[in-house]
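Note sheet for the following structure.
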Ligand code: NAD
Ligand code: MG
């Protein structure tokens with residue numbers, strides 16, 4: 077029986093993680109749940125999964141829940157509560173589905189406590205890949221990807237020698253604006269942006285998928301998860317999202333992982349690795365697929381990708397700044413303050429103004445993140 081902590085349990089990945097757990101009660105139990113402010117959903121989850129602790133980071137939401145809740149689960153609040161859940165002694169594995177840089181300290185707390193980390197929260201690896209992977213090595217913990225592309229790569233690498241990998245090919249759906257010119261992108265609306273063709277996800281990653289910043293974040297995520305150079309990571313647009321990613325080896329053989337686009341498969345693999353068990357996800361039927369197609373991404377229009385490669389190759393604090401500027405820009409876009417293409421201007425300008433520190437410790441990353449947020453916000457206000 078594996079005891080699982082789910083951080084970000086009320087979100088898209090968090091709720092799907094709990095579905096996976098509910099389908100295999102003989103294998104998993106929930107030790108702790110944590111979320112930001114959705115007290116109503118967290119309370120339902122507490123009743124269904126009976127964790128030992130449950131956390132709401134937002135103090136007002138935590139107060140609301142504490143006033144009406146009368147069960148056995150211990151309720152905690154704030155960042156302290158989140159870190160206590162991440163490092164909870166009775167847990168075997170921590171699945172982090174928090175969105176953004178806000179997940180970094182919890183990921184580090186889980187690893188410091190010797191827990192395996194099933195990671196959906198890619199921003200953590202983007203901002204602090206060096207620190208997070210070094211801590212995992214020191215503590216001999218696994219970082220198991222939940223992101224579908226990285227789960228695919230992990231599956232393609234089973235039984236293979238890492239030294240014989242020629243390159244990793246990350247697939248991208250291309251998002252709702254695939255094939256659009258910059259002119260057309262200038263006038264796209266938030267509603268259009270939130271209609272992803274293949275996946276239902278949280279709002280931030282849905283916007284990131286449209287800008288291809290999500291793929292940029294995934295390139296940096298792959299660099300750290302698989303300890304591979306940027307020149308060995310390619311991105312290929314594959315609109316059907318059936319091939320989740322591929323690995324090319326020295327002999328020219330390419331291994332791919334396929335499946336319907338359903339996050340419950342990679343979530344479950346991260347929890348059962350290296351085993352496989354029956355899944356609630358629908359099955360791929362080759363009779364229903366007429367074609368699998370591929371395109372080179374448009375780096376001139378979708379700047380999210382080249383900016384990520386630039387940030388990653390420079391390294392140091394720059395990927396952290398790329399991520400922070402994007403988080404601020406996406407929030408501004410979601411609240412109608414800026415247009416779609418402005419997201420790129422915010423990231424590019426903030427990166428351009430940054431003085432990179434090459435070997436940052438955690439404190440330097442936290443400072444760089446705060447600096448980038450302030451710089452991006454000032455740029456947006458001046459727009
Ligand atoms: P979401 O917005 O649906 O959920 C986010 C969760 O994080 C919520 O439970 C929220 O309460 C919690 N949260 C937010 N801020 C927090 C904070 N400061 N402290 C603690 N908890 C906080 O997002 P999502 O779509 O589930 O994505 C979560 C992560 O998984 C992101 O990093 C995303 O890039 C990644 N991811 C998502 C998908 C997907 O299909 N949704 C696929 C691959 C990777
Ligand atoms: Mg992905």
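Residue numbers (the numbering used here): 77 to 459.
By construction, the Cβ of each residue, glycine as well, lies at the ideal position given by its N, Cα and C atoms.
Any heavy atom of the ligand NAD inside 7 Å of the beta-carbon of residue 224?
Locating residue 224 in the chain shown gives position 148, counting from the first residue. Yes, Cβ of residue 224 sits closer than 7 Å to a heavy atom of the ligand NAD.
So who's on the other strand from residue 221, going by DSSP bridges?
Numbered from its first residue, the chain shown carries residue 221 at position 145. For residue 221, which the question treats as bridged, DSSP gives the partners 195.
If you draw a straight line from the alpha carbon of residue 375 to that of residue 385, how long is it in whole angstroms?
Counting from one through the chain shown, the residue named residue 375 turns up at place 299. Counting from one through the chain shown, the residue named residue 385 turns up at place 309. When rounded, the distance between both Cα atoms is 11 Å.
Is residue 275 near the ligand NAD, in the sense that its beta carbon is under 7 Å from a heavy atom of that ligand?
Within the chain shown, the letter at position 199 stands for residue 275. Result yes, Cβ under 7 Å from the ligand NAD.
Kindly identify the DSSP beta-bridge partner or partners of residue 236.
What you label residue 236 is simply residue 160 of the chain shown in a count that begins at 1. In DSSP, residue 236 forms no bridge with anything.
Given residue 432, which residues of its chain have a CB within under 7 Å of its CB, disregarding the five upstream and five downstream residues?
In the chain shown, the residue the question calls residue 432 occupies position 356. So the list reads 390, 392, 393, 394, once near-sequence residues are dropped.
Counting pairs of Cβ atoms below 8 Å between the stretch 328–344 and the stretch 218–237, do you hit three or more?
yes
The ligand MG and residue 294: does any heavy atom of the ligand fall closer than 7 Å to the residue's C-beta?
Translated into positions along the chain shown, residue 294 becomes position 218. For the ligand MG, at least one heavy atom lies less than 7 Å from the Cβ of residue 294.
Beta carbon of residue 86: closer than 7 Å to some heavy atom of the ligand NAD?
The count along the chain shown starts at 1 and reaches residue 86 at position 10. Yes, the ligand NAD has a heavy atom inside 7 Å of this Cβ.
Determine the closest residue to residue 299 out of 184, 186, 241, with distance taken between C-alpha atoms.
Position 223 of the chain shown, counted from the first residue, corresponds to residue 299. When each option's Cα is compared against that of residue 299, the closest is 241.
Is residue 97 helix, strand or coil when you go by DSSP?
Mapped onto the chain shown, residue 97 falls at position 21. Residue state, collapsed to three classes: helix.
Taking all protein chains shown into account, decide if residue 320 is buried (16 or more other Cβ within 10 angstroms of its Cβ) or exposed.
On the chain shown, residue 320 is found 244 positions in, with the first residue counted as 1. Classification of residue 320: buried, given that the 10 Å Cβ count is 16 or more.
What is the C-beta distance between residue 129 and residue 108, in whole angstroms, given that I count them as a contact (C-beta under 8 Å)?
To locate residue 129, count along the chain shown from 1; it is residue 53. To locate residue 108, count along the chain shown from 1; it is residue 32. Contact holds; Cβ gap of about 5 Å.
Examine the ligand NAD and report whether any of its heavy atoms sits within less than 7 Å of the Cβ of residue 199.
Within the chain shown, residue 199 is the residue found at index 123, counting from 1. Yes, the ligand NAD has a heavy atom inside 7 Å of this Cβ.
Where does residue 326 fall in DSSP's three states?
By one-based count along the chain shown, residue 326 stands at place 250. Of the three classes helix, strand and coil, the one that applies to residue 326 here is coil, per DSSP.
Who are residue 253's beta bridge partners in DSSP?
Walking along the chain shown from the start, residue 253 turns up at place 177. Residue 253 pairs with nothing; no bridge assigned.
Cβ-heavy atom distance between residue 129 and the ligand NAD below 7 Å?
In the chain shown, counting from the first residue as 1, residue 129 sits at position 53. Not so, every heavy atom of the ligand NAD lies at least 7 Å from the Cβ.
Taking residue 361 as the reference, which of 112, 377, 353, 337 has the closest Cα?
Position 285 of the chain shown, counted from the start, is the residue given in the question as residue 361. Ranking the options by Cα distance to residue 361, first place goes to 337.
Helix or strand or just coil, what does DSSP make of residue 441?
One-based indexing of the chain shown puts residue 441 at position 365. DSSP places residue 441 in helix when its eight states are reduced to three.
Below 7 Å CB to CB, which residues in the same chain sit around residue 358 once its five sequence neighbours on both sides are set aside?
Stepping through the chain shown from its first residue, residue 358 is reached at position 282. Excluding residues within five positions, the ones whose Cβ falls inside 7 Å are 336, 338.
Tell me whether residue 119 sits in a helix, a strand or coil according to DSSP, three-state version.
Along the chain shown, one-based indexing puts residue 119 at 43. Residue state, collapsed to three classes: helix.
Residue of 120, 159, 164, 165 minimising C-alpha distance to residue 145:
Stepping through the chain shown from its first residue, residue 145 is reached at position 69. Residue 145 has its Cα closest to that of 120, out of 120, 159, 164, 165.
Identify whether residue 112 lies in helix, strand or coil by the three-state DSSP scheme.
Within the chain shown, residue 112 is the residue found at index 36, counting from 1. Reduced to three states, the DSSP call for residue 112 is coil.
Consult DSSP for residue 406 and reduce its assignment to one of helix, strand or coil.
Position 330 of the chain shown, counting from 1, holds the residue named residue 406. Here residue 406 sits in helix by DSSP.
Tell me whether the beta-carbon of residue 427 lies closer than 8 Å to the beta-carbon of residue 458.
In the chain shown, residue 427 corresponds to position 351, counting from 1. In the chain shown, residue 458 corresponds to position 382, counting from 1. Contact flag unset, no.
Counterpart residues of residue 105 in DSSP-defined beta bridges:
Counted from its first residue, the chain shown places residue 105 at position 29. Paired residues: 79.
Sorry if obvious, but does the Cβ on residue 279 come closer than 7 Å to a heavy atom of the ligand NAD?
The sequence position of residue 279 within the chain shown is 203, counting from 1. Yes, the Cβ of residue 279 comes within 7 Å of a heavy atom of the ligand NAD.
Could you give the DSSP three-state label for residue 180: helix, strand or coil?
As a first step, residue 180 must be located in the chain shown, where it is residue number 104. Three-state result, residue 180: helix.
Starting from residue 258, trace the beta strand (DSSP E) in both directions and tell me its first and last residue.
Working through the chain shown from its first residue, we reach residue 258 at position 182. Note, residue 258: premise wrong, no beta strand (DSSP E); alpha helix (DSSP H) at 258–261.
Quick check on this structure: which residue in 267, 194, 396, 268 has the alpha carbon closest to the alpha carbon of residue 206?
Residue numbering aside, residue 206 sits at position 130 when the chain shown is read from its first letter. Minimum Cα distance to residue 206 is reached at 396.
Spatial neighbours of residue 280 in its chain, beta-carbon cut-off 6 Å, leaving aside the 5 residues before and after
Here residue 280 refers to the residue found at position 204 when the chain shown is read from its first residue. Excluding sequence neighbours, residue 280 sits near 175, 406.
Hey, is residue 448 close to the ligand HEM, as in C-beta under 7 Å from one of its heavy atoms?
The ligand HEM is absent from the structure shown, which contains only the ligand NAD and the ligand MG.
When you compare the stretch 194–202 with the stretch 138–152, are there three or more beta-carbon pairs, one atom per stretch, that lie closer than 8 Å?
no
What three-state label does DSSP hand residue 289 in the structure shown?
Working through the chain shown from its first residue, we reach residue 289 at position 213. Helix.
Quick one: Cα of residue 102 to Cα of residue 351, how far?
Taking the first residue of the chain shown as 1, we reach residue 102 at position 26. Taking the first residue of the chain shown as 1, we reach residue 351 at position 275. So the two alpha carbons sit approximately 15 Å from each other.
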